[in-house]
Amino acid sequence: MTGLAEYIPSGQLLELSSMSTQQLRTELAKILQVSAKQLIYMAAVWAELERRGEDLTDLRRGLGQYLPMIAAGALDAEAVVRHAGNTTLLKALATLPVPEQRRLLADGHLRVLELDESGQPVERLRPLPELPATEIRRLIHGGRVIPIEEQHVTATTTATASNQPWRVEGSFLVVGRTRIPIADIRQAIKHHRGAPIKLQDWTDAEVDILRQYGPEESPHALQQRLPKRTISAIRTKAIALKIPLGTTRPVWSDEEDELIRTHYPELGAKGVQALLPHRTVRAISLRGAQLGVKRRFGTNPPAEKRTMSAWSKTEDAVMRAHYAKGMKAIQPKLPGRTPKAIRSRAVTLGLTRRQDEAMARARKLKSPTS
75 MTGLAEYIPS
85 GQLLELSSMS
95 TQQLRTELAK
105 ILQVSAKQLI
115 YMAAVWAELE
125 RRGEDLTDLR
135 RGLGQYLPMI
145 AAGALDAEAV
155 VRHAGNTTLL
165 KALATLPVPE
175 QRRLLADGHL
185 RVLELDESGQ
195 PVERLRPLPE
205 LPATEIRRLI
215 HGGRVIPIEE
225 QHVTATTTAT
235 ASNQPWRVEG
245 SFLVVGRTRI
255 PIADIRQAIK
265 HHRGAPIKLQ
275 DWTDAEVDIL
285 RQYGPEESPH
295 ALQQRLPKRT
305 ISAIRTKAIA
315 LKIPLGTTRP
325 VWSDEEDELI
335 RTHYPELGAK
345 GVQALLPHRT
355 VRAISLRGAQ
365 LGVKRRFGTN
375 PPAEKRTMSA
385 WSKTEDAVMR
395 AHYAKGMKAI
405 QPKLPGRTPK
415 AIRSRAVTLG
425 LTRRQDEAMA
435 RARKLKSPTS
């Protein structure tokens with residue numbers, strides 16, 4: 075403990091070395107409890123600053139990125155204390171109800187179904203800190219923990235598919251972990267045989283499907299209707315027939331809508347995006363508008379979110395009388411006006427402090443010396 079001696083008095087280190095293991099565990103539990111309470115207090119401070127319209131972007135790093143979630147009641151502070159370095163786990167936990175988060179923290183593990191060497195599913199208890207990111211995303215998503223029964227269904231499907239050494243995914247041939255574009259395979263065969271490959275002509279039925287659904291659906295969606303055609307072939311044929319192809323966005327699930335309704339008012343689009351990493355900030359903002367959910371900023375929203383009223387003659391008179399005294403003197407006399415708005419109005423009225431100071435200096439120079 076040589077490095078700790080720089081920060082902790084030697085007397086305290088000796089005291090720790092003399093404590094029993096159970097005493098040390100008890101002491102550590104107390105400290106962790108205090109840390110969780112401190113996080114809750116920090117979250118309350120964060121929420122108050124946001125209510126006052128402060129921009130806290132520069133603080134959204136380290137533990138700061140979790141404070142908005144704690145303040146909104148989306149993430150249990152104890153989870154941050156225990157797993158502060160595991161961003162994937164904390165974001166996954168934040169999609170769960172807080173009681174469910176606490177149950178998982180108390181258990182400390184998840185029931186995971188894995189395939190053994192023979193390809194048979196085996197149930198195991200995996201501690202939360204040991205779960206890789208891919209397993210966390212597989213087991214915790216959509217606002218729930220995937221039960222072991224549902225994992226059995228997925229594992230059976232995977233085991234059946236794994237009996238075939240290759241599979242086709244869209245315009246790729248997948249062999250193990252290798253993805254090979256089918257177009258490249260065709261090109262390689264063409265050069266190998268020295269003659270071009272004759273592609274199968276489009277049938278009338280396929281062309282009808284392309285004409286009917288092409289303007290509304292993306293190439294990926296169209297490939298489900300045209301399983302014998304690659305995405306590249308669909309695009310090429312659409313260009314040849316002058317058929318514009320549409321775009322199909324993923325449908326919003328009920329769980330995603332519920333997350334937006336619950337957390338968008340407090341966290342905003344950027345905060346919710348941490349809970350829905352596969353959605354963009356813009357998509358979340360648009361979905362929030364579609365659901366009629368609005369961002370809450372309290373009684374003092376950020377300047378960019380306010381709808382400022384026109385300046386009254388009384389306010390202009392206050393500006394002319396007190397602006398030269400400085401912002402601290404004039405802002406209390408103009409409630410509801412931000413410093414930025416006051417400076418902007420001063421420019422409009424020609425009341426810059428530098429001009430006033432220059433005029434004062436000129437008057438002083440003209441006055442007789444005492």
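The numbering used here numbers the first residue of the sequence shown as 75 and each following residue consecutively. From the three backbone atoms N, C-alpha and C, an ideal C-beta is built for every residue, glycine too.
Quiz item: What beta strand (DSSP E) runs, 3 residues minimum, are completely inside the region 393-417?
Solution: Correct list: empty.
Quiz item: Looking only at its own chain, which residues have a Cβ that is under 7 Å from the Cβ of LEU425, when we skip the five neighbours before and after it?
Solution: Position 351 of the sequence shown, counted from the first residue, corresponds to residue 425. So the list reads MET393, ARG394, TYR397, once near-sequence residues are dropped.
Practice problem: Report yes if the CB atom of ILE317 is closer than 8 Å to the CB atom of SER245, and no otherwise. | Solution: Mapped onto the sequence shown, residue 317 falls at position 243. Mapped onto the sequence shown, residue 245 falls at position 171. It is not a contact, given that the beta carbons lie outside the stated cut-off.
Quiz prompt | Buried versus exposed, by CB contacts within 10 Å (16 or more), LYS379 | solution = Here the question's residue 379 lines up with position 305 in the sequence shown. Bear in mind that a pLDDT of 47 at LYS379, under 50, signals an unreliable position, so the number given afterwards is only what the model happens to contain. Classification for LYS379: exposed.
Practice problem: Count the other CB atoms, across all protein chains shown, that sit within 10 Å of the CB of LYS104; report buried if there are 16 or more and exposed otherwise. | Solution: In the sequence shown, the residue the question calls residue 104 occupies position 30. Classification of LYS104: exposed, given that the 10 Å Cβ count is below 16.
Exercise. Go ahead and label GLY159 buried or exposed: buried means 16 or more other beta carbons lie within 10 angstroms of its beta carbon, across all protein chains shown.
Key: Start at 1 with the first residue of the sequence shown, and residue 159 comes out as number 85. Burial call: exposed.
Quiz item: Excluding sequence positions up to five away, which residues of its chain have a Cβ less than 7 Å from the Cβ of LEU164?
Solution: Here residue 164 is taken as the residue at index 90 of the sequence shown, counted from 1. TYR140, LEU149, ALA153, VAL154, HIS157, listed in sequence order.
Self-check item: Cross-strand partners of THR336 (DSSP beta bridge)
Solution: Walking along the sequence shown from the start, residue 336 turns up at place 262. According to DSSP, residue pairing for THR336 in a beta bridge does not occur.
Exercise. Could you check which residue in GLN274, ARG99, VAL346 has the C-alpha nearest to that of LYS311?
Key: In the sequence shown, residue 311 corresponds to position 237, counting from 1. Distances from the CA of LYS311 to each of GLN274, ARG99, VAL346 were compared; the closest alpha carbon is that of GLN274.
Quiz item: What are the complete alpha helix (DSSP H) segments, minimum 4 residues, inside the region 273-316?
Solution: 278-287, 293-299, 305-314
Exercise. Answer yes or no: the CB of LEU149 versus the heavy atoms of the ligand FAD, is any distance below 7 Å?
Key: This structure lacks the ligand FAD, and indeed carries no ligand of any kind.
Exercise. Measure the C-alpha to C-alpha separation of SER94 and GLN112 and round it to an integer number of angstroms.
Key: Stepping through the sequence shown from its first residue, residue 94 is reached at position 20. Stepping through the sequence shown from its first residue, residue 112 is reached at position 38. Near 27 Å, if we compare the C-alpha coordinates of GLN112 and SER94.
Quiz item: Where LEU247 and ARG134 are concerned, what is the direct C-alpha to C-alpha distance, given to the nearest angstrom?
Solution: What you label residue 247 is simply residue 173 of the sequence shown in a count that begins at 1. What you label residue 134 is simply residue 60 of the sequence shown in a count that begins at 1. Approximately 42 Å between the Cα atoms of the pair.
Exercise. Can you say whether HIS337 is buried or exposed, counting buried as having 16 or more other CB atoms within 10 angstroms of its CB?
Key: The count along the sequence shown starts at 1 and reaches residue 337 at position 263. Flag for HIS337 reads buried.
Practice problem: To the nearest angstrom, report how far apart THR162 and ALA391 are at their CA atoms. | Solution: Position 88 of the sequence shown holds residue 162. Position 317 of the sequence shown holds residue 391. Each residue's Cα considered, the two are about 56 Å apart.
Self-check item: Per DSSP, cross-strand counterpart(s) of GLU197
Solution: Counting from 1 along the sequence shown, the entry for residue 197 is found at position 123. According to DSSP, which records beta bridges pairwise, GLU197 is partnered with LEU187.
Exercise. Taking VAL367 as part of the beta strand (DSSP E), name the residues at either end of that continuous run.
Key: Mapped onto the sequence shown, residue 367 falls at position 293. Annotation for VAL367: no beta strand (DSSP E) segment contains it, and DSSP assigns it neither H nor E.
Exercise. Leaving out five residues on either side along the sequence, give the residues of the same chain with a beta carbon under 6 Å from the beta carbon of THR169.
Key: Against the sequence shown, residue 169 aligns to sequence position 95. So the qualifying residues of the chain are GLY217, LEU349.
Quiz item: In this structure, what does DSSP give as the bridge partners for TRP240?
Solution: Position 166 of the sequence shown holds residue 240. DSSP, once it has assigned bridges, lists VAL249 as partnering TRP240.
Exercise. Could you check the C-alpha separation between TRP385 and ALA415 for me, to the nearest Å?
Key: Working through the sequence shown from its first residue, we reach residue 385 at position 311. Working through the sequence shown from its first residue, we reach residue 415 at position 341. Looking at the two C-alpha atoms, the distance is approximately 10 Å.
Practice problem: Grab me the residues of VAL242's own chain with a C-beta within less than 8 Å of its C-beta, minus the 5 sequence neighbours each way, in chain order. | Solution: Residue 242 sits at position 168 when you count from the first residue of the sequence shown. Closer than 8 Å at the Cβ level, and outside the excluded window around VAL242, lie VAL248, ILE256.
Quiz prompt | Distance, VAL219 Cα to VAL227 Cα | solution = Taking the sequence shown and counting its residues from 1, one reaches residue 227 at position 153. Taking the sequence shown and counting its residues from 1, one reaches residue 219 at position 145. Looking at the two C-alpha atoms, the distance is approximately 15 Å.
Practice problem: Taking all protein chains shown into account, decide if GLU291 is buried (16 or more other Cβ within 10 angstroms of its Cβ) or exposed. | Solution: For the purposes of this step, residue 291 is identified with residue 217 of the sequence shown, where counting begins at 1. The residue is buried, with at least 16 neighbouring Cβ atoms inside 10 Å.
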